[in-house]
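The structure appears right after this line, and notes come after that.
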Amino acid sequence: MADLLVAKFGGSSLASSEQFAKVKQIVEANPQRRYVVPSAPGKRDSTDHKVTDLLYMCHQLAEHNIDCTEVFATIAERIEEIHDRLDLEVDISSELQRIFQQISAGATADFVASRGEYLSGLLLADYLGVPFVDAAEVIHFDDDATLNAERTATALAQMAQTHERAVIPGFYGSGPDGQIFTFSRGGSDVTGAVVAAGVDADLYENWTDVSGFLKADPRLVSNPSPIGRVTYKELRELAYMGAPVLHEEAIFPIRAKGIPIHIRNTNEPDAAGTLIVDDRAADGFHGVTGIAGRPDFTVISIEKTLMDDERGFFRKLVSVFETNGVSISHMPSGIDSVSVIVPAEEVRFKLNKVLEEIRIYLHPDTITVQDEIALLAIVGHGMIRTKGVAAKVFTALAQAGVNIRMITQGASELSIIVGIDNEDFASAVAAVYAGT
Ligand code: ASP
């Protein structure tokens, strides 16, 4: 069992007093869960509002000199419900009153938004009987609202010396003059990661309302199995292809230290969840980890006899895209041919210009453009060194009647990427899922 855990709980995990009770059970089930990072109370059901959204609304109203008493009352009600039902002692009414005054007096949007986590932290600290450490004291930003990693690391290391346990609210920190800054939306994940790195945790638990990541999009595959274990690199590939995963900013601080992240479900604490591990921990091939993809790419294919012998051909080709501000997603090449795959929206209004420049600088024999191409990535560490995976993928696609327009294999050997027509996307995901 890991020695030191940082547990971050998302908004839905803290949406009501019942959810707080689940969190307490989880925290107390393992004494190693010593640092807890809460989000602001989220939605209790699909018709509900997140406290953070209500706070932003309050700020908007106040900024336009419109009375926000009513919206604030909704926030206060939610906070007081948790306070009263859990029979807490912290003087939350005074806190709420003070925050209302600060909003009315023109507090910044970041300050106002951060109060959701601040209040949630006060309640949770009281409920768990654990000291509250204001994020403003340990998460430090520079003037330009970016994290000051050094100051933050020092402050967290000091905090860990004085506090065996603590509740540290997510989402915000303070700038050089003490002003409050927040991370981008969903930023409590980042706080959790920064705290885990700062206290040298053995594991960063990210508690949410799903039992980990799924092997494929549940809208395309019915009941996909969860991903038990995934490496940071595999996750990058899946995220790039549009799978809903953690924010890059949330992974970076702990990736550098090799701290694994465990995605778990507050509503189903016995479920295995998804463990995100250091790339170095990858050992062999354990099957396809995940399947993800994105529609709407444009493929520009160029043919020219003896292109390989022409010095600078690829450089000139790449620079056409660079000077037009178009990013290249993939560039598979064959003998005398190369395809440049770009996100459709990036060339939409520049296509003619790009094609014209390719003609002028490269004198190709032919250029063809295929629109409405989807890319599908089949990701799994070690797959390229394992026999039969590609065969399964291509058999599954052929049996589903999907025409493969392009195949590429990352140099990292983590994935096989196929290009297919947009309209085949859903059936391709389902077929590959079933066939691998
Ligand atoms: N409460 C913030 C938001 O709604 C941050 C978070 O929940 O992670 O974006």
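Per my numbering, residue 7 is the first one in the sequence shown, and the count goes up by one each step.
Every residue, glycine too, gets a C-beta built ideally from N, C-alpha and C.
These numbers were taken from a predicted model, which means no experiment stands behind them.
Contact between the segment 294-302 and the segment 372-391 is established, with three or more Cβ pairs separated by less than 8 Å. Assignment of residue 354 by DSSP, reduced to helix, strand and coil, places it in the coil class.
With contact defined as three or more Cβ pairs closer than 8 Å, the segment 209-223 and the segment 269-284 are in contact. In the three-state reduction of the DSSP assignment, residue 365 falls in the helix class. A distance below 6 Å between beta-carbons, with the five flanking residues on each side excluded, links residue 439 to the following residues of its chain, in chain order: 222, 227 and 297. In summary, residue 355 is exposed, with fewer than 16 beta-carbon neighbours lying within 10 Å of its beta-carbon over all protein chains present. Annotated three-state conformation of residue 212 is strand, per DSSP. Going by DSSP, residue 14 is part of the beta strand (DSSP E) stretching over 11-15.
DSSP links residue 138 through a beta bridge to 173. Within the same chain, and ignoring the five residues on either side of residue 84 in sequence, the residues whose Cβ sits closer than 7 Å to its Cβ are 47 and 57. Of the residues assessed, residue 404 falls on the exposed side of the cut-off, its CB having fewer than 16 other CB atoms within 10 angstroms. If the five residues before and after residue 253 are omitted, its C-beta is found closer than 7 Å to the C-beta atoms of 192, 195 and 196, all from its own chain and listed in chain order. With respect to residue 188, residue 113 sits apart: the two C-beta atoms are not nearer than 7 Å. Counting along the chain, residue 327 sits inside the alpha helix (DSSP H) bounded by residues 319-329. Here the segment 63-74 does not lie against the segment 150-166, with fewer than 3 beta-carbon pairs under 8 Å apart.
Here the alpha carbon of residue 370 sits roughly 5 Å from the alpha carbon of residue 310. A straight line joining the alpha-carbon of residue 312 with that of residue 342 spans about 6 Å. When the five nearest sequence neighbours on each side are left out, the beta carbons in the same chain lying within less than 7 Å of the beta carbon of residue 300 are those of 247, 248, 380 and 381, in order along the chain. Residue 174 is positioned such that its CB atom lies no closer than 7 Å to that of residue 205. Rounded to the nearest angstrom, the gap between the Cα atoms of residue 21 and residue 274 is 16 Å. DSSP places residue 89 within a helical segment (H, G or I) once states are collapsed to three. Cβ-Cβ distances below 6 Å link residue 151 to 187 in the same chain, with the five nearest sequence neighbours on each side left out; the list follows chain order.
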